[in-house]
Every structure is written in C-alpha cells, then in structure tokens.
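Chemist:
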Amino acid sequence: MLRRHLNRMASSQAALAESSLKTRAVEIVDLVSDNGSDDGVQQALDRDALTKDGESDDDGEEEQWESESLYEDALEGLGDEQLTNDDTEACTLDEALAFRKRLRGVGEDQFITDTIEAGTITAKKLCTAFGIRPPLFLEGSPDSAYYPLLGLGISRELSKRVKLAQYNTVDDAVSLLKKAKNIIVLTGAGISTSLGIPDFRSKGTGLYSQLEHLGLSDPQEVFDIELFREDPSIFYSVAKDILPSTNKFSPTHAFIHLLQEKGKLLTNFTQNIDNLEGHAGILPEKLIQCHGSFATASCVECGHRVKGEEIYKDLKAGRVARCDRCIRELRQARPTGLKRKRSANGSSNNKRRKREYEDSSDNEEYDIAVAGVMKPDITFFGEDLPATFHERLVKHDRDLADLVLVIGTSLKVAPVSEVVGFLPPNVPQLYISRTSPYCIVRLRDEAAARALARRSILSQGFYELWGSGINYDELHEDIRRRTSTKWAQYTMCSFKFDVDTYQSKRSEAGKRKLIESFHYLGFNGPIKMQHAEQEFCIFEDYDFRAKEPKQVHLGRWIAGTDRDAVYNYSLKQRNYISTTSMDSELALITANLALAGPDKIFYDPFVGTGSFLIACSHFGAMTLGSDIDGRSVRGKKSRNIVTNFQQYGILDRYLDGFISDLTHSPLRKTRVFHGIICDPPYGVREGLKVLGSRDGSGKEVLFIDGKAAHLQDEYIPPKRPYSFEAMLDDILNFAAISLMDDGRLSLWMPTANDEEVELGVPMHPCLELVSVCVQAFNKWSRRLLTYRRLPSIEADDVMPCGKEHEQARRVTADDLNSFRKRYFQGFKADTEREDATGTKDLDHR
Numbered sequence: 001m002l003r004r005h006l007n008r009m010a011s012s013q014a015a016l017a018e019s020s021l022k023t024r025a026v027e028i029v030d031l032v033s034d035n036g037s038d039d040g041v042q043q044a045l046d047r048d049a050l051t052k053d054g055e056s057d058d059d060g061e062e063e064q065w066e067s068e069s070l071y072e073d074a075l076e077g078l079g080d081e082q083l084t085n086d087d088t089e090a091c092t093l094d095e096a097l098a099f100r101k102r103l104r105g106v107g108e109d110q111f112i113t114d115t116i117e118a119g120t121i122t123a124k125k126l127c128t129a130f131g132i133r134p135p136l137f138l139e140g141s142p143d144s145a146y147y148p149l150l151g152l153g154i155s156r157e158l159s160k161r162v163k164l165a166q167y168n169t170v171d172d173a174v175s176l177l178k179k180a181k182n183i184i185v186l187t188g189a190g191i192s193t194s195l196g197i198p199d200f201r202s203k204g205t206g207l208y209s210q211l212e213h214l215g216l217s218d219p220q221e222v223f224d225i226e227l228f229r230e231d232p233s234i235f236y237s238v239a240k241d242i243l244p245s246t247n248k249f250s251p252t253h254a255f256i257h258l259l260q261e262k263g264k265l266l267t268n269f270t271q272n273i274d275n276l277e278g279h280a281g282i283l284p285e286k287l288i289q290c291h292g293s294f295a296t297a298s299c300v301e302c303g304h305r306v307k308g309e310e311i312y313k314d315l316k317a318g319r320v321a322r323c324d325r326c327i328r329e330l331r332q333a334r335p336t337g338l339k340r341k342r343s344a345n346g347s348s349n350n351k352r353r354k355r356e357y358e359d360s361s362d363n364e365e366y367d368i369a370v371a372g373v374m375k376p377d378i379t380f381f382g383e384d385l386p387a388t389f390h391e392r393l394v395k396h397d398r399d400l401a402d403l404v405l406v407i408g409t410s411l412k413v414a415p416v417s418e419v420v421g422f423l424p425p426n427v428p429q430l431y432i433s434r435t436s437p438y439c440i441v442r443l444r445d446e447a448a449a450r451a452l453a454r455r456s457i458l459s460q461g462f463y464e465l466w467g468s469g470i471n472y473d474e475l476h477e478d479i480r481r482r483t484s485t486k487w488a489q490y491t492m493c494s495f496k497f498d499v500d501t502y503q504s505k506r507s508e509a510g511k512r513k514l515i516e517s518f519h520y521l522g523f524n525g526p527i528k529m530q531h532a533e534q535e536f537c538i539f540e541d542y543d544f545r546a547k548e549p550k551q552v553h554l555g556r557w558i559a560g561t562d563r564d565a566v567y568n569y570s571l572k573q574r575n576y577i578s579t580t581s582m583d584s585e586l587a588l589i590t591a592n593l594a595l596a597g598p599d600k601i602f603y604d605p606f607v608g609t610g611s612f613l614i615a616c617s618h619f620g621a622m623t624l625g626s627d628i629d630g631r632s633v634r635g636k637k638s639r640n641i642v643t644n645f646q647q648y649g650i651l652d653r654y655l656d657g658f659i660s661d662l663t664h665s666p667l668r669k670t671r672v673f674h675g676i677i678c679d680p681p682y683g684v685r686e687g688l689k690v691l692g693s694r695d696g697s698g699k700e701v702l703f704i705d706g707k708a709a710h711l712q713d714e715y716i717p718p719k720r721p722y723s724f725e726a727m728l729d730d731i732l733n734f735a736a737i738s739l740m741d742d743g744r745l746s747l748w749m750p751t752a753n754d755e756e757v758e759l760g761v762p763m764h765p766c767l768e769l770v771s772v773c774v775q776a777f778n779k780w781s782r783r784l785l786t787y788r789r790l791p792s793i794e795a796d797d798v799m800p801c802g803k804e805h806e807q808a809r810r811v812t813a814d815d816l817n818s819f820r821k822r823y824f825q826g827f828k829a830d831t832e833r834e835d836a837t838g839t840k841d842l843d844h845r
C-alpha cells in the first residue's frame, strides 16, 4: 500500500515539473504561508496541476486523491531544530539524518523493506524524520493511516536537490568550467547592477524599495499587466529607472560571451529586460529572454511592433508612448459621429476596471477614440512567458546540459525559478551571487587569515567554515562531513554561539532553539558569553522580505579586522578638514590597494588636508605631500596637517609637506617612492590651473627694494589654464619616473556613466593597470585606478607629441576639461543636448 502511494506521487510530481514551466510569471514569495513554510502551497499546486493535466481519470481515483489531500491540508512542518532527544515519539536529529541518508543510498523500495516492513520503526515516527508532524486527528489510528503522510515525506525528500559532495572549492568550479561542453547560464538583475541599473529586491537600493512612495499595495504592481492596461502612466513614470542608459555591458556579460566563443555555451536563460546580453554579442539562438526585453515594443490595441529605440524618448521622459499606426489610421478615418468608451489610461486613482458583471448605463463618459498604448515587450506578472522558454528547456537543453551557472539572481520568480529543479540532479550547478555579505575564500592556514584580517577594512571578521547549506538539513550534513574529526579538540573548551542574520532577524527564543540544534557537536565545556576560548557563529542569508534563509553557514571565529579604523579616522572627529578631504573609509581602501606599509615612502601630489597621507601612515608608511595651494598645506597655527598627525599619534611617520605644482616639481627625477596616491582636482567649480603664463613667454623680472619679486615671501606666481586629460597624463608620467619597481599609483578619476561621453582610462607603457573600482553617483561616477610600475622599463617623461599644441588651441575651462563640460550639460550625448540646470551638485572638486 505504501509503495502504491509512492508510485502515484512520483508520477504526479513528474507531470507537475513540466507543467509548472508553462505557467505565467508569478512572484514566489507571495506563495509562502504564514508559518514560513511553502509546503502547503506547493501541495495545493500539486493538486491543481493534477486536475489540469487530467491525471484523475475516474471517480475512484478522484476520491482517493481528495482523501489524501486532507492529509496535505493538515500538514504541519517539523524543522530540524525541533528534533530533540526529549520527544520519544519523534526521531532525533541524528536519527532523521541517518534515515534520509539511507533512503538515498538504498532507494525507496529497500528503505521501506528495512524499516516499515521489518517493523524497526513505525510510520508515525518515521514521518518526523522527513519533516512531517503527525496530525492530531490521526491520533489513535492504526499505523497504516500514516502511510500517505510518510509517502508524501519520502517523495518530497527524494525530489530535493542534494548538494554534490565532490564539488566544494573554487578549484572544483574551475575544473567544471574547463570540462563542461554544454553550459546553461541562468542570469538575473545582479549582473547589471555595476552599470547603474538597479536590481528589484535589494533592501533600500532595489527598484521595489524605491517604488514604495507610489502608494501601491505592492510595488510589484508596477509590472502587473492588469494595472498597466488600466493606467500605463504608472509604469512609464518609473521605466526610466530600469531602462539601460547605455549599450555597454558588464564583465559578467563578457564572460558569458567568452563561453560562447569557446563553444561551451548551450543557452543563456536571462530574466533581465535590459537586452545587454544582445549588446554583448550573445547569439539569438543561444539566448532566451525569459521576461522579454526593451529591444522591441508593441501596441496593446493593434499589435503593431517597433524597435524599442523608437519609444526610448518617451520612456526617458516618463511620457506614455502612443502607437504611430493607430495615430495614422485615426487621422485618415473620417468623422462618423461615432464615439467609443474612454479607456482608463491615466487614471490617477488607480481604480480597477469595471468588472464584466457590473452594469453599464447610458450616461457613462465617452470620448473620441485614441491611439493604442505602446508596451515594451517585457513579460509582466500575469502574462505567459515566451513559448521558446519551455520548448528550449524541455525539448533541447535538459538532456544536453552538463553544467549550470546561476549568476546574479535570487530565483524568486516562477517559472524561471523552476529551471534548476527541472534539470537532472547529477548535473552540477554553480551559484554565483554578489548579494550575499558572506564571502568564502580558500586560505593556506589560520596565520594567513589573521594576516588578511589585519589589513581588511571592508570585512567584519574571519571565520573557519565548518559547513554550508541551502537549509539546516544540508548544513548539519555538511558539518558532519567536513568537521567531525575536529570535534574532540573542542570538547572541554569554553565556548559561545552567536546568530548573524542578513536582511532578517530572529527572536531570542528562536536563536536558542537554533543553537540547540547543534547539540550533536558534543561541546561539554562552560558557556561564556565574554572571553570564550572558542566562538561559533551561525550565519543566515535571507532575500529581502523572505521568511526562510536561502543560505546558512556555521563558522568558528579566527580573527577580527581593521574595520574600526574607519571610525577612528572619521572626518567628524578630525581636527583639520576641508570640502575636499577624502572620506576615511575610501582613503584607507585606496592606501590598501597601493600596498602602503612599513619601510615604504608614499607621496600625494594633491595633498589638501592630508587624508591619504594619514591612511598610508596608519599602515606604517612614511609620507609626504605637496599642493599648488599653499593655504591648505600651511593651514593655521592650531589646525593643519601636522596637528592631524599629532591627533592620531603618528607624527613620526609624516616627513613634510611643501607647495608645488606637479608639472614643476622640485623633486629630483629619481625612482624613490614605493607608492603615489592622490585624488586630483576635477576642475568643476573652477578651471584647472598650473604655474606659468598663458602664452608661455617669459616676462621682465620685476625688482622690489633691490630684490627680485619672484624670490620674495609674499610673491604669488602666475597660473595658466590646464587640460584635465593632460593632468592625467602628467600624473602617469610622473609615476613612471618616480616609482620603484612594482611600486603602485592609486588615483581617483571622474567620468560619465554613459559610454558615449565617458572618459577612457589613461594608460602608460611603463605602468600596468591592476584594478578599477567604481563609485557611482547619479549621472556620473568616479573610478579608483591602481597601476603597478613595471620593472626594467625606462620612462620618457616628455609629453606625447601634439599634446602641447592641442592645449594651446584650447582657451576656456570647458575646452580644457571635457568632464567639466559634460557635467554642466547633464552628461547628455551630442544628439541629446538638454538644459542641465537641475543637475545635482555632487562632490565638486
């Protein structure tokens, strides 16, 4: 009888797996029940799928299914943390894990023979091993009454995707990529966020968080097809925020294109609507845009389709686009006196359309017929996915795929989220996401971890990884596999447990229950909440507003980091600052990238108030700086660069500061510096200047009291306009002739976010670009560029031919500084010049 239940459930789940891929787009988070479990909803979907697919062919079968559905409706989930030694009628956690492992090892038939038929355990108790609490209404019933429940539990357990134990490290991932020949890549919004395109669900920065001001019951309604038909202006008011402002693509897009070039890409299933995969060169036959894209748009009335670019101007302006074909037909049609009912387009009250059963009276408002609304060909909630999605996956990819890459997606929208479960369980799947705050790295030993921790600014702690999983079942199993041989050495140590949750929180009672589920570790030492010998932490990673974590880890604390330095050097408490002082966190990160450390000399040619020098000295470097503006170098008697170093107790690491122009430096042309670190002026508030006369000709020496004027203390030298691009070239030239072998140059450079107006990264034959980090603002951003001085290459410090003549032809500040010019034009391309008076004044230099 139990086997009959299992066979029926297996066939029904197979039917469900394929049919679920044909469903309309739906947000999975909406299907989670109040107790945080999605089991009841999934079972309801199971029943619905069976009904639709005609699995119940006769009345008897229907009645039998209905009786089984009573069990499903009464199901109460039983989490691993609730499996304790106190309940004699339930399995312990160790017993449950052993039963699950045996089920997978011997198969369901042999498992039933060894357990139920052998009489070693009752079906009622065995249900608890598979996360099912026996319902009260079955209390006192014969054990066979629990067979449907047990069959459901066994079927669910076997349907779970189990982590492939042979793949655990980055090296394993690299090996899989090398061997794979047919890779499915499933991508989401996370691969485009580096280009300034927001994802949907990140707290605070995601699109849904930004749309809460609209007053909708759920921000997702912006992509509800029914609401669009009623009031398309709501979608158009926010479309500009998700419309890609550029055709450039991210390194991840380039990586997918590389897989295609190497002949490894089977299919890229993308949930993104920005069409950047197409711009990256992914072939149409290799690309399935599951949710459509902005590449095309169609009229909701006549179906007329156009290229997406034709409505971009309306999208960017937040203006509802109308169909050109409809407009032409309306103009050609002669007035007939006939009127049609006015659509609800533009309704500010967000009222739902009248239902079919509501009465319509003769005095309703009528208006002249209007052209249809153009809707970008993206899949809204409530619309069917493209047929190619199902056909490609089921009829082509499923049997060919040998590796799956999931990149930048939380897999929260069905049916795309069903893809990973639909593929064979033996196909490896690599999940790559930057949304998690927990970074797993492979290090040589604990000493290496502590060395990294001492220099780490952006991390909060280093932990030895004891286990990971997508749920607590998988976590406990992974802990046993990884660390069971280590438990004995911590048996009598004092210890403590913490719980760290990301994007969620647990009650104190919930934390205690969670911690108690790790009792099998066998720690018998005293519990100390302060100064414990060993500290363990449970890490939970949640999606925004999710009720259950998507990833859980257990770690043993190894070392804290240098994160406190950010607060110790905060500008809020610093004695001497100005409007151009660099934020302490960014200064420390810049110094880290430049490899500042003891027995090194670092120089800042735009020193200002010394923020970078302080950051470098924090890591032990000796520092000096210069600036063309003597006022910032000298400061005042009670507040200057020297007093800043005194405030932090690192005055012995400050060599000196002097007044100088980088193009007329008094420093000898010798390679003495280990690092150069700077944030050069951007020339927005006022044009860039260097020492010298505009025409370059000398002037007659003026004498005052018999002494040359330019040699007197109060002499102010003349300055001439300076090109921003030339300044960047001069910085690289100076670094080439001043840095020792393998010395580093780290500089900040502003640029526009639009590829049509962005500034290219400057290069030099003696310098190798090591890294590019981006800090994005609204329409512009700035890059932190880090270069390494190549050894054994002699530098030529002469400006490249033609630069001086080019500068001589430029007169105004805008001519000499393309970034300044673009800034005040609102970073518009030449074909889209608009009034930029509303441009936000961000961090002018």
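Residue numbering for the sequence shown is 1 to 845, as defined by UniProt numbering.
Glycine included, C-beta positions come from ideal geometry on N, C-alpha and C.
1) Report the rounded CA-to-CA distance for THR193 versus ALA776, giving the unit in angstroms.
2) Give the DSSP-derived three-state secondary structure of GLN271 in the structure shown.
3) Cβ of residue 847 within 7 Å of Cβ of ALA180?
4) Measure how close the beta-carbons of TRP487 and LEU521 come, nearest whole angstrom, since I'm counting them as under 8 Å.
5) Just how far apart, CA to CA, sit TYR463 and LEU195?
6) Apart from the five residues on each side of it in sequence, which residues of its chain come closer than 6 Å, Cβ to Cβ, to THR670?
7) Look up PRO376 in the DSSP assignment and say whether it is helix, strand or coil.
8) I'd like to check one pair, VAL420 with VAL373: are the Cβ atoms closer than 7 Å?
9) What's the gap between the Cα of THR296 and the Cα of VAL416?
10) Tell me whether the region 383 to 399 and the region 307 to 323 touch, counting them as touching only if at least three CB pairs, one residue from each stretch, are closer than 8 Å.
11) Among LEU790, THR115, ASP564, PHE228, which residue has its Cα nearest to the Cα of SER456?
12) When DSSP builds the beta bridges, which residues end up paired with VAL761?
13) Starting from ASP627, follow the beta strand (DSSP E) in both directions and report where the run begins and ends.
14) Going by beta carbon distance, what residues of the same chain come within less than 8 Å of LEU103, once the five residues before and after it are set aside?
15) Express the C-alpha separation of THR169 and VAL441 in angstroms, rounding to a whole number.
16) Report buried or exposed for ILE614, applying the criterion of at least 16 other Cβ atoms within 10 angstroms of its Cβ.
17) Please identify the residue among PHE612, ILE558, THR561 whose C-alpha is closest to the C-alpha of SER581.
18) Please report the residue range of the beta strand (DSSP E) in which THR609 lies.
19) With C-beta atoms as the reference, is PRO750 less than 7 Å away from LEU662?
20) For the beta strand (DSSP E) that contains PHE255, what are its first and last residues?
21) Could you give the first and the last residue of the continuous alpha helix (DSSP H) run that contains CYS299?
22) Roughly how many angstroms lie between the CA atoms of residue 875 and ALA123, to the nearest whole one?
23) Buried or exposed for THR51, going by 16 or more other Cβ atoms inside 10 Å?
24) Please classify VAL774 as buried or exposed, where buried requires at least 16 other C-beta atoms within 10 Å of its C-beta.
25) Does the structure place the region 521 to 532 close enough to the region 489 to 504 that three or more beta carbon pairs sit under 8 Å?
26) Since LEU655 is in the beta strand (DSSP E), which residue starts that stretch and which ends it?
27) What residues are listed by DSSP as bridge partners for LYS160?
28) Considering only their Cβ atoms, is the gap separating CYS766 from ILE731 smaller than 7 Å?
29) Is the separation between the beta-carbon of THR786 and that of LEU593 shorter than 7 Å?
30) Beta carbon of ILE677, beta carbon of SER746: below 7 Å?
31) Kindly indicate the opening and closing residues of the alpha helix (DSSP H) around PHE724.
32) Whole-angstrom Cβ separation of SER436 and ASP541, contact assumed at under 8 Å?
33) Please report the straight-line C-alpha distance between SER116 and LYS101, rounded to a whole angstrom.
34) Give the straight-line distance between the Cα atoms of GLY560 and ILE515, rounded to the nearest whole angstrom.
35) In the DSSP assignment, what are the bridge partners of GLU285?
36) Here's the rule I'm using: 16 or more other beta-carbon atoms within 10 Å means buried, otherwise exposed. How should PHE130 be labelled?
Modeler: Quick answer:
1) 10 Å
2) coil
3) Residue 847 falls outside the range modelled here, since the chain spans only 1 to 845, and no answer is possible.
4) 6 Å
5) 32 Å
6) none
7) strand
8) no
9) 21 Å
10) no
11) ASP564
12) Answer is none; VAL761 lacks a bridge partner.
13) 622 to 627
14) PHE111, ILE154, GLU157, LEU158
15) 9 Å
16) buried
17) PHE612
18) Run containing THR609: none; DSSP gives neither H nor E here.
19) no
20) Looking at the DSSP string, PHE255 is not in any beta strand (DSSP E); the run it does join, the alpha helix (DSSP H), is 251 to 261.
21) Taken as a continuous stretch (DSSP letters only), CYS299 belongs to no alpha helix (DSSP H), being part of the beta strand (DSSP E) at 292 to 299.
22) The displayed coordinates of the chain run from 1 to 845. Any statement about residue 875 would go beyond what the structure contains.
23) Residue placement at THR51 is poorly supported in this model, since its pLDDT is 35, which falls under 50; the coordinates still yield a value, given next. Result: exposed.
24) exposed
25) yes
26) 654 to 659
27) DSSP lists no partner for LYS160.
28) no
29) yes
30) yes
31) 724 to 738
32) 5 Å
33) Residue 116 is actually Ile in this sequence, not Ser. Their Cα atoms are separated by approximately 16 Å.
34) 22 Å
35) Per DSSP, none; premise fails for GLU285.
36) buried
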